[in-house]
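Chains as they are written, first to last, in full-length UniProt numbering: chain H, 1 to 248; chain W, 1 to 248; chain X, 1 to 248; chain S, 1 to 248; chain E, 1 to 248; chain D, 1 to 248. The C-beta atom is built at its ideal place from N, Cα and C for all residues, glycine as well. Quick caveat: nothing in here was measured; it's all calculated off a predicted structure. Below is one structure, written out as C-alpha cells; the observations come after it.
What follows is the structure, encoded as C-alpha cells:
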C-alpha cells in the first residue's frame, strides 16, 4: 500500500491497527557504463513496495536523492550534503510521528547512505529528548539495506561468484533490469571485472575507478537474476519488518 | 528521458547538446475524502515526464515531500520545514550545476511549495555570488506550476465551472485518476462543494475545512477529464520549457 | 504607537485590550537613478505607522534589510539570504508571542520579500507544532504588501497609466518623496520608461535593466502623488488589519 | 548621509573616495518604568547619524532588534537568538563587501549585543578564509558602544554620580528624551535608585530587578542632559571612526 | 608528538616532511558499574598518542565528547548532536587543511561515533567541491576504531572468550585501567555477564540494559590485560597510519 | 574529580549533594616562538582540575579547540567557527542539564573565546524558553577566565611588570612550563618584548605581529613562576565557584 495512493481517512483507519510504515531511500548516482543512475533508488523502491504488499504495510514516498558526494565526478550524479539528508530524514520521520506512527522502517538501496541515516536517527532522538523529555513518544527508527541478509548474499555468491564487487554490482543491476526491462543497456565492459579497492573523495574515486564500477562485473546482469534477488530480498525484509513491529 | 533510467555516459552525451533539465516537485498531503495523498507529487511527476517526452529533456527524480505544514492536522500528510526544503532544492540544483547543467526547470504540483522554491532559488544565487563571485556560472532556475497556464485554466472553467476550488480540486484529482486508474476512490462528498476561504496554521485549516477540501467538488473528477488536463498541461509547459532554454 | 516609544508597563496594559501588532518589513536596494535605496523600507515603515495611528495598533521596529539578492549588482544594495530572513522573522514573531501577542501583521514594501516571508510563517508554525503540539498558542501571522489593494492599484492606473512598471515604480518613489521631501533626486531618466521583462540572478538583472528600473517611469513621481498613495494605502490596510484581528 | 536616502549611482560615487560605512545596532527591550523599549536602538541610531554628519560617512539601516534574551520576561522586549544575529551581521557585512566597502563600523547601543557582534566578526573572517583564501578582501569590522569613551563616562560621573547604574541608565534615557521629546514618560520610580548586581537568565533578571532597572536612577534624565551626551558621543566616535579608516 | 606541546615554528618544520596528523576522538558516556565515563576518550587518546610516538606523527587534541545520545539515560553521559559533531569535525579538519595538512587520520574510541564521522567526511568533501572546485586540495580523511584490527580481536577472543560483549567491554576497561591505574573501580557486577541485544533510543537502552553494559563482563579487566591491548592496538594502527600516508 | 574518571553510579551519588560542574575551555593556537600551541587549553585544564580538587567539584572534559580564527595564519592553529563553538557549548550544557546539573561553570583559558561563550549562554537560555517555557530548569552558566582575578593580576604586575602583554604572555607560558616541564622551549626572542596593538583578521594579525606574540616577553617564563600563578588562580577561582553555587 503506497501512502501516496491512499486518502487521509484511509490512513486514519490504517493507524487503528498498525503504527508501522516503510520509507524507501536510495540514491541518484552513476552505476558504471551499463548501470542506471537510478539503480539505488529503484532497488529500494521496488523492494520496499514488495515488502509493503507482503506485509500490508504502508510505504511512504521514496527518498530518491541520497548521499553520493563521492560519485560527483561522474555526470548525472546528484547528492544531498549529509547535513541536508539528516534534515530530510528528520522531517519525514517527525511528520509521520505527529500522526501516531511509531515504527519507521527504512529500506535502503545505497551503502553510502548508511552512515548519514544512522546519524539522522540520533539527531531525531536527541531532538525528542530536548523538546519532549519523558513525554516523548516511543518512536523507533529501523534501517535495513536490501542486500544485508543471508538470502541475498547467498544468492550473490551462487550467481555471481567473485564478481559481485561493491559498486555497480551485477545483483543490483539485475534488479533494475527486472524492474525496468525497457531500460536494459547493452554496453561492453572493459575490463569485464572492474578494479577493487577503497577511495577518498570524488576525484579520487574517478581516478581509481574510471568507468565508475568497483570490483564488479555487471555485464552478467539479467532480468531473470533480478527477479530472484527481488524475491529473496522481499521475503527476507518482510520478516525483518515484522520482527521490528513485534519487538518489545 | 528519466535521469534515473540513464547511464552516466548517456548523460555526458546529453550535455553536449543541452544543459537543461526538469525537476518535478510535489507534496504528500491530504487531498480530501477522495483525493490521493500523493496528488501533488503524482501530477507534477506525470506532467513533467510528459514534458520530457515532448521536448527530449532529461527529468530528474521527483521531490515527493514538499512544504505542507498547513496540512499536518490530517493523517498521512508529510512535510519538510521550509528551511529543509530550501536545502534540498539547493543541493539538487548545485549537484546538477557541477556537471554543467545551467537551466534547471521545476514543474510544481503544489501551491504551498511556491514561496519556498522561490526562496531557495535566491539562496542558491546568494551562495554562488559569495563563493564564486564573477566566476559563477550563468545558472538559471525556472518554476512553473502545472495549472498556471491559460490552457489549463480555460479547461478548468469549461469542465468544472465554479467548483474548481483551491485545494483537492477536481482537475488535480482527475489527473491522478488518469495516472492511477486503479486507485480511484468512490467516496460520497458532503457537502458536494467544500467551503471556501483562507486559513492560518494546520489546526485552523482543519477547523475551517473539516474534510480537507477548499472550495472544490472533486466528486466530478474522472480519468477522461484527467487526460484532457494532462494533455493541455504538457503542451503548455513544453512550450514554457522551450522558451526557458532559448531565453537570452 | 511605536513599540520602541513605549515602556514595558505600557505594553503590558496594551495587551489587556489587544494582542495584535504590526511589523513593517522593507528592503535596502537600488531603485534606479532617482529612487532611494531605502524606498521599500521607507514605504513599509511610513504606511505601517499610518495604519498604527489609524487603528491604535502597536508598530514594531522595521525590518529594513530584506531579501534583495537579485539587486546585488548595484552598489549600495543589501540583502539577507532567505534562510537568514526566515530566522529573523521567526525570532521577531516568537519574541512577541512570548508576551501574548497572537496576531502579527506584516506590512511589506518589497515584492522580493513575499516568498521568504511566507516560508517563514510556515517555519514558525512547524516549530510550534514540534515543540508545543496541542499546547501551541493560536498564533496567526498576516502579510499584506502596501500596493496589493484595489485603492492603490486604481490610483496607480489613474495617475501613472502604463508606466507604473514593476521596480522603481513612480508610485513608490512618490511615497518616499512625500515622506522625505528633502531627499528628492532630480535626475534625468533615459529612456523615460524602462524596459520590461523578467530576470534571473543579479548579473542577469543588471544586464537586462542597466539603470535598475523595470518597466517604470519614476520621473513622474511627486510628493503630492505620494500623499495620495499614502492615504489610500493606510485606509485600505487599516481595514485589512482590523479584519485580521476580528477573524474567527 | 543615510544609505537609505541615497541612490545607487550616488553610492557608486561615494565608493570612489571612501570604502567606510557605519551600521547602527541597538535593541528593542524593556528599559524600566520610564525608559523606552527602543532606548538602545534610538541611541545607536541618532548617534551614528550624528557621526555620519560629522564625518561624511554613509550610515546603513539600523539593526533595531538585537540580543536581548535576558529581558524577555518583560512585555514588549524582542530578541534575536545569538545565532540569528550572527547571520544578520554576516549578511549585512558581506552585502556591503560585495560593493567594495572594506571598513564596516558598528555603533552599538546595547551591552548585551557586544559578545554576539564580536563572534559575528570572526564568523565572517572564517568564512572569507574558507571561501576566498588569499584572495579575500582586506575587510575590517569595527565596533564601538556609544558610552565606551572617556568623554561620555566623564559626563556620566559629573551629571549622575553614583546613580548611572548599568541598565536603563539616566544617560541613555536622557539621549532618548533629547531625540524624542514627545515621548518623555513621567513615571515615579520606587526606589529612586534600582538595586545592583548580576543575573542569569530572563526569569532570574526579573526576580532580581522587578521593574527592569539595574543600579540606575533614570528619573534624573532630561533632554538637556541628553543633548550633552549626544554631543560628547558624536565627537568621540567621529574620532574613532576617522582613526579606524586611517589605520594601516 | 602532541600538537598542543609544539610551537608554531615546530609545526612549520614538521610540515616540510609530513602532511599527516592524527586526531583522537572518543566519547564521555556511561560504561557500566565499573567502567569509567571517559573510557572511549581515554582509549582513543592513549592509543593515538602511542601511534604518534611509534610513527613520529603529530597528534591533535582529543575530541572528548562524541555522539552518545543513546547513553543519555545514565547520569554523567554527555553528547553532541550528530549535526554538531559534523560541524566540529569539519572545523578541525579544515583548520588543519589551511596549514597544508592533507592526511587527517582519526583514531576512534566509540562505535557510536562512526556513522557521524563518516558523514562528516562527506560534508567536508562536499563543501570543498562547492567552494574550491578543481582547485580543492587532495585532502584525505581516514578513520580507524582502535579495536577494528586482527591483533586486537584475536587478543579479545583469547583473553575474554565469549564475554567481550559490545559495550563496557573488558578490553576497553582494561585499557583504561592500564592508563589510569589509580582509578580502577572495584564494583561487583550482577550478573557477571550483561544481557546482549540491540536497542533504540536512550530510554530503551536503559530499559534493556539496566546497568549500562551490553553482553560484557568487564569484571575481568586488569591493567595487565590493558597493556597487551594497548600494545597490540598501537602496533596495528601505526601500520594503518603509515599505509594511509603512503597510499597513492 | 574528573568526570571521565568516574562511573555513572558515582555521578548519580554526586548529584545528591551537588548540581555544580566545571568545564575547562581553551584553545589550540600559536603562542609565539616559545609558547605551546596548547597553552590556553593546558592552563584552563590544569587550573580547572586544581579547582576541582580544592572544592570537590566534578570537572568535565576540556574543550580543547576554541575560537581562534585570528590565529589561523600561523601553522598548527586550530579553530571552531563561532557558530560551531556555540553548538558545542549548547550540547555540553544541555547534556549535563538532562542529568540534573544546574550550575555549569566554565574555566576559560583564551580571551578570544569569551564573546562566543557568552553568546552561547544566551543561545541556551533562548532555547530553553522556547521549548520549556515556565517549566525550564533554573539552569545557570558561569564563566571565569583564569587571569581575571585580583590575585593573578597582582602577581603578573609583580613578576612581569610591563611585559605581560596580551598574547603569549609570560604568565600563561609559565603555567604551561609548570604543567609540562619536559616541554619547555628554549628559543631566543627577538625583540625580547613583542610589539603591542590591535588587529583585525588573521592576515592582519600576522602582518602586525610576525612571531605571534603581542606585547609580551615570554622569555621570562619559568615553571616556578608558573606554580605561583597556578596556586593563585586555583585559590581565587575556587572561591568564585563556591560563590557561584551559593548564589540565591
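Reduced DSSP secondary structure (H/G/I, E/B, other) of residue 31 of chain X: To locate residue 31 of chain X, count along the third chain from 1; it is residue 31. When secondary structure is reduced to three states using DSSP, residue 31 of chain X falls in the strand class.
Residue span of the beta strand (DSSP E) that contains residue 106 of chain W, given as start and end: Here residue 106 of chain W is taken as the residue at index 106 of the second chain, counted from 1. Counting along the chain, the beta strand (DSSP E) containing residue 106 of chain W begins and ends at 103 to 108.
Three-state class that DSSP yields for residue 114 of chain W in the structure shown: Position 114 of the second chain, counted from the first residue, corresponds to residue 114 of chain W. Residue 114 of chain W sits in a helix when the DSSP states are folded into three classes.
Test: residue 88 of chain S CB closer than 8 Å to a CB of chain X: Translated into positions along the fourth chain, residue 88 of chain S becomes position 88. Under the 8 Å criterion on CB atoms, residue 88 of chain S is classed as interfacial with respect to chain X.
Inter-residue spacing [alpha-carbon to alpha-carbon] between residue 140 of chain X and residue 101 of chain X: Here residue 140 of chain X corresponds to residue number 140 of the third chain, with the count starting at 1. Here residue 101 of chain X corresponds to residue number 101 of the third chain, with the count starting at 1. Approximately 9 Å between the Cα atoms of the pair.
Residue 138 of chain E versus residue 3 of chain W - alpha carbon distance: Looking up residue 138 of chain E in the fifth chain gives position 138. Looking up residue 3 of chain W in the second chain gives position 3. Distance between the alpha carbons of residue 138 of chain E and residue 3 of chain W is about 30 Å.
Distance cut-off 7 Å: residue 236 of chain D Cβ against heavy atoms of the ligand PLP: In the structure shown, the ligand PLP is absent, as is every other ligand, since no ligand is present at all.
Three-pair Cβ contact test at 8 Å for the region 29 to 44 of chain X versus the region 208 to 227 of chain W: No, because fewer than three Cβ pairs between the region 29 to 44 of chain X and the region 208 to 227 of chain W fall closer than 8 Å, the two stretches do not touch.
CB-CB length for residue 80 of chain E against residue 46 of chain D, believed under 8 Å: Residue numbering aside, residue 80 of chain E sits at position 80 when the fifth chain is read from its first letter. Residue numbering aside, residue 46 of chain D sits at position 46 when the sixth chain is read from its first letter. Residue 80 of chain E to residue 46 of chain D, Cβ: 24 Å. No contact.
Integer-rounded CB distance, given that residue 66 of chain S should sit under 8 Å from residue 112 of chain S: Reading the fourth chain from its first residue, position 112 is the one you call residue 112 of chain S. Reading the fourth chain from its first residue, position 66 is the one you call residue 66 of chain S. Contact between residue 112 of chain S and residue 66 of chain S holds: their C-beta atoms lie close to 7 Å from each other, under 8 Å.
Which of helix, strand or coil DSSP assigns to residue 128 of chain S: Within the fourth chain, the letter at position 128 stands for residue 128 of chain S. Of the three classes helix, strand and coil, the one that applies to residue 128 of chain S here is helix, per DSSP.
Residue 155 of chain D, DSSP secondary structure in three states: For the purposes of this step, residue 155 of chain D is taken as residue 155 along the sixth chain, with counting starting at 1. In the structure shown, residue 155 of chain D falls within a helical segment according to DSSP collapsed to helix, strand and coil.
CB of residue 86 of chain D within 8 Å of CB of residue 123 of chain D, strictly: To locate residue 86 of chain D, count along the sixth chain from 1; it is residue 86. To locate residue 123 of chain D, count along the sixth chain from 1; it is residue 123. The answer is yes: Cβ separation under 8 Å.
Bridge-paired residues (DSSP) for residue 141 of chain S: Within the fourth chain, the letter at position 141 stands for residue 141 of chain S. In the DSSP assignment, the residues bridged to residue 141 of chain S are S/104.
Neighbour flag for residue 65 of chain W against chain H, beta carbons, 8 Å: Mapped onto the second chain, residue 65 of chain W falls at position 65. Look at residue 65 of chain W: its C-beta is under 8 Å from a C-beta on chain H.
Beta-ladder partner(s) of residue 225 of chain H, from DSSP: For the purposes of this step, residue 225 of chain H is taken as residue 225 along the first chain, with counting starting at 1. None; residue 225 of chain H has no bridge partner.
Buried or exposed by the 16-neighbour rule on C-beta atoms within 10 Å, applied to residue 169 of chain D: As a position in the sixth chain, residue 169 of chain D is number 169, starting the count at 1. Residue 169 of chain D should be labelled buried.
Nearest-angstrom Cα separation, counted from residue 69 of chain E out to residue 8 of chain D: Position 8 of the sixth chain, counted from the first residue, corresponds to residue 8 of chain D. Position 69 of the fifth chain, counted from the first residue, corresponds to residue 69 of chain E. Whole-angstrom Cα-Cα distance: 15 Å.
Member of E/227, E/135, E/83 whose CA lies at the smallest distance from the CA of residue 116 of chain E: Position 116 of the fifth chain, counting from 1, holds the residue named residue 116 of chain E. Considering only E/227, E/135, E/83, the residue with the shortest C-alpha distance to residue 116 of chain E is E/83.
DSSP-derived helix/strand/coil call for residue 23 of chain W: Indexing the second chain from 1 puts residue 23 of chain W at position 23. In the displayed model, residue 23 of chain W falls within a strand according to three-state DSSP.
Start-to-end residues for the alpha helix (DSSP H) that takes in residue 177 of chain D: Reading the sixth chain from its first residue, position 177 is the one you call residue 177 of chain D. Annotation: the continuous alpha helix (DSSP H) that includes residue 177 of chain D extends over 170 to 179.
Nonlocal neighbours in the same chain, by C-beta distance under 6 Å from residue 24 of chain H, ignoring five residues either side: For this step, residue 24 of chain H is matched to residue 24 along the first chain. For residue 24 of chain H, where only same-chain residues beyond five positions count, the Cβ hits under 6 Å are 44, 45, 48, 62, 107.
Under 8 Å (Cβ pairs) to chain W, residues found in the region 68 to 81 of chain X: Listed in sequence order: 69, 70, 72, 79, 81.
Which residues DSSP lists as bridging residue 78 of chain D, in chain order: By 1-based counting over the sixth chain, the position of residue 78 of chain D is 78. Per DSSP, D/28.
Alpha-carbon to alpha-carbon, residue 57 of chain S and residue 200 of chain D: By one-based count along the sixth chain, residue 200 of chain D stands at place 200. By one-based count along the fourth chain, residue 57 of chain S stands at place 57. It is roughly 21 Å from the alpha-carbon of residue 200 of chain D to the alpha-carbon of residue 57 of chain S.
Closer than 8 Å to chain D by CB, residue 84 of chain H: Taking the first chain and counting its residues from 1, one reaches residue 84 of chain H at position 84. Output row for residue 84 of chain H: interface = no.
Residue from W/93, W/192, W/133, W/232 with nearest C-alpha to residue 158 of chain W: Here residue 158 of chain W is taken as the residue at index 158 of the second chain, counted from 1. If we check each option's Cα against that of residue 158 of chain W, W/232 comes out closest.
Status (buried if at least 16 other CB within 10 Å, exposed otherwise) for residue 236 of chain E: One-based indexing of the fifth chain puts residue 236 of chain E at position 236. Buried.
Proximity winner among D/248, D/17, D/239, relative to residue 55 of chain D (alpha-carbon distances): On the sixth chain, position 55 is the one that residue 55 of chain D refers to. Just measuring C-alpha positions, the residue of D/248, D/17, D/239 sitting nearest residue 55 of chain D is D/239.
Contact residues within the region 102 to 127 of chain X, judged by C-beta distance below 9 Å to chain W: For the region 102 to 127 of chain X, which is checked against every Cβ of chain W, the residues closer than 9 Å are 112, 114, 115, 116, 117, 118, 119, 120, 121, 122, 123, 124, 125, 126, 127.
Residue of H/72, H/230, H/64 minimising C-alpha distance to residue 149 of chain H: In the first chain, counting from the first residue as 1, residue 149 of chain H sits at position 149. Distances from the CA of residue 149 of chain H to each of H/72, H/230, H/64 were compared; the closest alpha carbon is that of H/230.
Cβ distance (whole Å) where residue 105 of chain H is taken to contact residue 244 of chain H below 8 Å: Position 105 of the first chain, counted from the first residue, corresponds to residue 105 of chain H. Position 244 of the first chain, counted from the first residue, corresponds to residue 244 of chain H. 6 Å between Cβ atoms; contact.
Chain H contact for residue 131 of chain X (CB, 8 Å cutoff): By 1-based counting over the third chain, the position of residue 131 of chain X is 131. Output row for residue 131 of chain X: interface = yes.
Contacts around residue 206 of chain W, its chain only, beta-carbon distance under 6 Å, and the 5 residues preceding and following it disregarded: In the second chain, the residue the question calls residue 206 of chain W occupies position 206. Contacts found: 73.
Proximal chain E residues relative to residue 98 of chain W, where beta-carbon distance stays under 9 Å: Residue numbering aside, residue 98 of chain W sits at position 98 when the second chain is read from its first letter. Near residue 98 of chain W (Cβ distances below 9 Å), the residues of chain E are 129, 130, 133.
Any C-beta of chain W under 8 Å from that of residue 37 of chain H: Counted from its first residue, the first chain places residue 37 of chain H at position 37. Taking Cβ atoms only, chain W reaches closer than 8 Å to residue 37 of chain H, which makes this a yes.
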